[in-house]
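Enquirer: The listed protein sequences derive, respectively, from chains A and B. With the first letter of the first sequence counted as 1, position 278 gets the number 292 in the numbering used here; the numbers rise by one all the way through. With the first letter of the second sequence counted as 1, position 6 gets the number 7 in the numbering used here; the numbers rise by one all the way through. Think of the CB as a built atom: it goes at the ideal place given N, C-alpha and C, for glycine as much as any other residue. Since we're looking at a predicted model, the values are computed, not measured.
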Amino acid sequence: MEGNVDLVPSRNSSEERHEKLYKILLEAIPSSVLLIDRYMCIVTANKNFLEKSLRSISNTIGQRVENVFPAVLLEHMDLINRIRQVFEKNYPVRGERITYRAPGVPTRIYYYSLLPFSWKARVENVLLLMEDITEYVRLSEEIRRMERHLASIVDSASDVILSTDTEGKVLTWNTAAENLSGYTFDEVKGRLFFELCSKAYQEEIKKVFSSLKGEKSSQMAEWDLLNKVDDSIPISWVCSSMKEDLSQARGIVAVGRDLTERHKFESQLRQSQKLAALGVMAGGIAHEIRNPLATCSSAAQFLMKDEPDPNFRKECAEKIQGGIRRISDIIENLLKFARSSPESGMVTVDLLSVLKETTALIANQLKIQKIEIKIVFPKTPIMIRGNTSLLQQVFMNLFMNALNAMPNGGVLTVSVKKFDIEVLVKVADTGHGIPEQQVSKLFDPFYTISSVKKGTGLGLSLCYSIVKQHLGSIEVNSVEGEGSTFAVRLPI
Amino acid sequence: MIEMEQTGERILVVDDEPDISWVLEHVLKEKGIVPKKALSGQEALELVKRDCFQMAIVDAKLPDMEGLELAKRIREVQPAVRLIMISGYYSKDEAYIQSALADGLIGGFIVKPFLNDEILKAVEVAISGEPPSQKIK
Chain A
15 MEGNVDLVPS
25 RNSSEERHEK
35 LYKILLEAIP
45 SSVLLIDRYM
55 CIVTANKNFL
65 EKSLRSISNT
75 IGQRVENVFP
85 AVLLEHMDLI
95 NRIRQVFEKN
105 YPVRGERITY
115 RAPGVPTRIY
125 YYSLLPFSWK
135 ARVENVLLLM
145 EDITEYVRLS
155 EEIRRMERHL
165 ASIVDSASDV
175 ILSTDTEGKV
185 LTWNTAAENL
195 SGYTFDEVKG
205 RLFFELCSKA
215 YQEEIKKVFS
225 SLKGEKSSQM
235 AEWDLLNKVD
245 DSIPISWVCS
255 SMKEDLSQAR
265 GIVAVGRDLT
275 ERHKFESQLR
285 QSQKLAALGV
295 MAGGIAHEIR
305 NPLATCSSAA
315 QFLMKDEPDP
325 NFRKECAEKI
335 QGGIRRISDI
345 IENLLKFARS
355 SPESGMVTVD
365 LLSVLKETTA
375 LIANQLKIQK
385 IEIKIVFPKT
395 PIMIRGNTSL
405 LQQVFMNLFM
415 NALNAMPNGG
425 VLTVSVKKFD
435 IEVLVKVADT
445 GHGIPEQQVS
455 KLFDPFYTIS
465 SVKKGTGLGL
475 SLCYSIVKQH
485 LGSIEVNSVE
495 GEGSTFAVRL
505 PI
Chain B
2 MIEMEQTGER
12 ILVVDDEPDI
22 SWVLEHVLKE
32 KGIVPKKALS
42 GQEALELVKR
52 DCFQMAIVDA
62 KLPDMEGLEL
72 AKRIREVQPA
82 VRLIMISGYY
92 SKDEAYIQSA
102 LADGLIGGFI
112 VKPFLNDEIL
122 KAVEVAISGE
132 PPSQKIK
């Protein structure tokens with residue numbers, strides 16, 4: 015009962031019960047409670063107040079308010095006047111905040127209210143309720159500081175950072191997104207994210223977003239963003255679902271990096287890779303073209319000699335025509351390969367015909383190097399989303415590597431297997447293989463196997479980047495002295 | 002083996018391109034020569050082991066072996082065979098070809114496409130000229 019003074023001296027059992035309950039309540043309240051009478055004297059002070067203000071009952075109860083609270087505080091709060099007003103108007107004062115510092119204790123912040131206790135229309139006492147909100151204030155300041163910090167991280171980032179709800183409606187949009195797209199946050203707020211991307215990717219984005227609602231936690235992709243003047247900006251995205259307590263996704267965060275510069279560089283790289291591959295193929299092509307040329311030339315010479323046999327004349331003409339057709343096929347294939355590729359042309363293509371065209375291109379080289387080719391393809395076409403020219407470059411690179419690995423002949427096996435959601439293309443050689451410690455570096459730019467020293471070291475890193483652009487993966491399995499197998503997986 | 006004992010020049014044509022064999026067959030026909038044809042090195046070696054040839058026209062790139070390799074192996078069986086190499090792959094000034102010419106492994110080298118008369122001239126020279134030197138490596 016420390017910290018309390020009996021209010022009323024009467025002693026019937028009902029009153030005693032009430033008083034006990036009142037005291038228990040008073041002590042249990044985690045706030046400071048003071049009861050003040052009309053003479054501005056303190057009638058009751060609970061334990062919480064005494065502890066916080068480092069006071070005892072004897073120097074508190076019966077004391078006037080101005081002797082209990084520091085003068086600065088009284089003045090600042092205008093406490094006496096306020097208490098007086100509550101007595102006069104019988105009207106509570108709520109929600110005031112004070113900073114209180116008792117001698118020898120750290121500053122505390124209180125939230126206080128003044129409540130009138132009236133009996134028979136007369137205010138007998140005023141209750142001063144002070145809630146210690148020091149920790150609450152500190153925490154909310156900390157939260158605000160963290161929020162400002164996070165906001166500044168998001169806004170200072172040079173990558174696009176945006177978030178959407180699970181439907182894909184934009185919730186946040188950072189400064190980098192504003193700068194890159196030309197759209198302010200207000201202009202895109204609530205719009206569907208996929209609508210801000212190129213048409214070609216919209217279906218795919220919807221699919222990815224809906225997969226992120228489920229089990230999948232993140233997905234990488236390359237989608238073009240449309241800026242305010244409708245230009246496509248290639249962007250590499252990492253989309254992750256925001257999950258609350260492992261339960262359902264609350265939304266999606268997409269972080270995107272502008273690929274314009276990298277694409278320019280890669281396109282130059284691809285072009286030089288092609289030229290390098292063409293250089294290797296030149297010998298085979300020369301051989302391949304000169305054979306039908308020789309046939310045409312000799313057949314023409316036969317005809318010039320006034321050959322009397324009409325059947326032989328016809329045979330010569332047919333040989334000439336056949337030879338020319340063969341040469342023009344070779345040139346057609348070659349041009350298809352050499353032509354620079356359109357950057358964003360993802361369409362539905364038949365993977366098998368891409369592979370067939372590419373194997374046709376290396377047929378001569380295989381013959382020259384005495385390499386046998388084994389092709390294991392399914393009978394029906396395999397349609398995937400991709401860019402023919404880029405895919406052809408991936409396979410050409412893998413074939414060239416295989417050819418380089420088999421200087422003394424061997425077997426090149428190209429197999430295709432279709433699964434539910436992906437197709438697996440394997441390119442296997444029986445060449446010198448790759449030492450184990452070099453396998454992990456294979457896809458790094460400028461890495462080349464020292465014993466070969468033929469390539470630029472960029473071929474496989476290009477393959478990697480192209481395959482990634484197709485949402486696929488590429489890996490290698492190699493046994494030194496036995497050969498290597500490259501496995502490319504592409505989504506169907 | 003009786004049918005192999007034909008009169009006139011016995012020539013072997015080795016090229017994996019049937020059209021080139023067709024061309025050479027008709028070029029040689031002007032001289033009344035009916036050549037034997039082989040599409041690979043192995044096939045050629047089998048013929049060489051069976052029949053006697055005065056000369057062989059060999060493509061430099063065969064599916065199973067290099068033309069020069071075949072030339073050596075033909076010589077091992079029949080040292081007196083005159084050899085002419087034709088190719089769409091190598092050019093005459095390449096060291097690989099030049100040294101084969103210098104060594105006498107091949108008596109002539111003709112690049113595809115060729116004039117039909119070049120073939121005829123080379124055949125004439127090869128047949129009427131000195132037998133090949135024996136400087137075989």
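#1: Identify the residues that DSSP records as bridge partners of V430 (chain A): which are they?
#2: For E155 (chain A) and G109 (chain A), I'd like the C-alpha separation in whole angstroms.
#3: Any beta carbon from chain A within less than 8 angstroms of D65 (chain B)'s own beta carbon?
#4: Which residues mark the beginning and the end of the beta strand (DSSP E) in which L48 (chain A) is found?
#5: Could you name the residues of chain B that I382 (chain A) contacts, counting a contact when the two beta carbons are closer than 9 angstroms?
#6: Show which residues of chain A have a CB atom less than 8 angstroms away from the CB atom of F115 (chain B).
#7: So which of A:E229, A:G486, A:M144 and A:S429 has the shortest CA-CA distance to S255 (chain A)?
#8: Let me know if F101 (chain A) comes out buried or exposed under the rule of 16 or more other beta-carbons within 10 Å of its beta-carbon.
#9: Determine, for F500 (chain A), whether the minimum Cβ-Cβ distance to residues of chain B falls below 8 angstroms.
#10: State yes or no: is the C-beta of E145 (chain A) nearer than 7 angstroms to some heavy atom of the ligand COA?
#11: Classify K113 (chain B) as helix, strand or coil using the three-state DSSP reduction.
#12: Determine, using beta carbons only, whether H301 (chain A) comes closer than 8 angstroms to chain B.
#13: Do G495 (chain A) and A442 (chain A) have their C-beta atoms closer together than 8 angstroms?
#14: If you drop the 5 nearest sequence neighbours on each side, which residues of the same chain put their C-beta closer than 7 angstroms to that of S132 (chain A)?
#15: Per DSSP, what are the beta-bridge partners of V15 (chain B) in this structure?
#16: Helix, strand or coil: which one does DSSP assign to Y114 (chain A)?
#17: Are the beta-carbon atoms of S46 (chain A) and N26 (chain A) separated by less than 8 angstroms?
#18: Going by alpha carbons, who is nearest to T74 (chain A) out of A:A291, A:L49 and A:Y215?
#19: Taking the CB atoms as reference points, tell me whether K73 (chain B) and L29 (chain B) lie closer together than 8 angstroms.
#20: Please report the residue range of the beta strand (DSSP E) in which T402 (chain A) lies.
#21: Mind checking whether Y125 (chain A) and E149 (chain A) have CB atoms under 8 angstroms apart?
#22: Round the Cβ separation of A171 (chain A) and N188 (chain A) to the nearest angstrom and send it over; I've been treating them as touching at under 8 angstroms.
#23: For the alpha helix (DSSP H) containing K66 (chain A), name the first residue and the last one.
#24: Looking at the C-beta of N305 (chain A), does it have a partner C-beta in chain B at a distance below 8 angstroms?
#25: Would you say P505 (chain A) and I435 (chain A) are within 8 angstroms of each other, going by their C-beta atoms?
#26: So what does DSSP say about C55 (chain A), is it helix, strand or coil?
#27: Taking the alpha carbon of K227 (chain A) as the point to measure from, which residue in A:N347, A:N81, A:I376 and A:D179 has its own alpha carbon closest?
#28: Using 10 angstroms around the beta-carbon of H163 (chain A), count the other beta-carbons present and answer buried if the total reaches 16, otherwise exposed.
#29: How is L239 (chain A) classed by DSSP in three states: helix, strand or coil?
#30: Are the C-beta atoms of Q335 (chain A) and some chain B residue less than 8 angstroms apart?
#31: Might you give, ordered along the chain, the residues of its own chain that have their beta carbon closer than 8 angstroms to the beta carbon of P306 (chain A), omitting 5 neighbours on each side?
#32: How many Å lie between S28 (chain A) and Y53 (chain A) at the Cα?
#33: Please report the residue range of the alpha helix (DSSP H) in which G293 (chain A) lies.
#34: Could you spell out where the beta strand (DSSP E) holding F500 (chain A) opens and where it closes?
#35: Any Cβ of chain B within less than 8 angstroms of the Cβ of Q315 (chain A)?
#36: If we count the other Cβ atoms within 10 Å of its Cβ and call it buried at 16 or more, is L369 (chain A) buried or exposed?
Expert: In brief:
#1: A:V439
#2: 19 angstroms
#3: yes
#4: S46 to D51
#5: K62 and Y90
#6: A308, S311 and S312
#7: A:E229
#8: buried
#9: no
#10: In the structure on display, the ligand COA does not appear, and there are no ligands present to speak of.
#11: coil
#12: yes
#13: no
#14: N104 and E138
#15: B:A39 and B:V59
#16: strand
#17: no
#18: A:L49
#19: no
#20: Per DSSP, T402 (chain A) belongs to no beta strand (DSSP E); it is in the alpha helix (DSSP H), T402 to A419.
#21: no
#22: 6 angstroms
#23: K61 to S67
#24: yes
#25: yes
#26: strand
#27: A:D179
#28: exposed
#29: strand
#30: no
#31: G336, G337, I338, R340 and I341
#32: 29 angstroms
#33: T274 to M318
#34: G497 to P505
#35: yes
#36: buried
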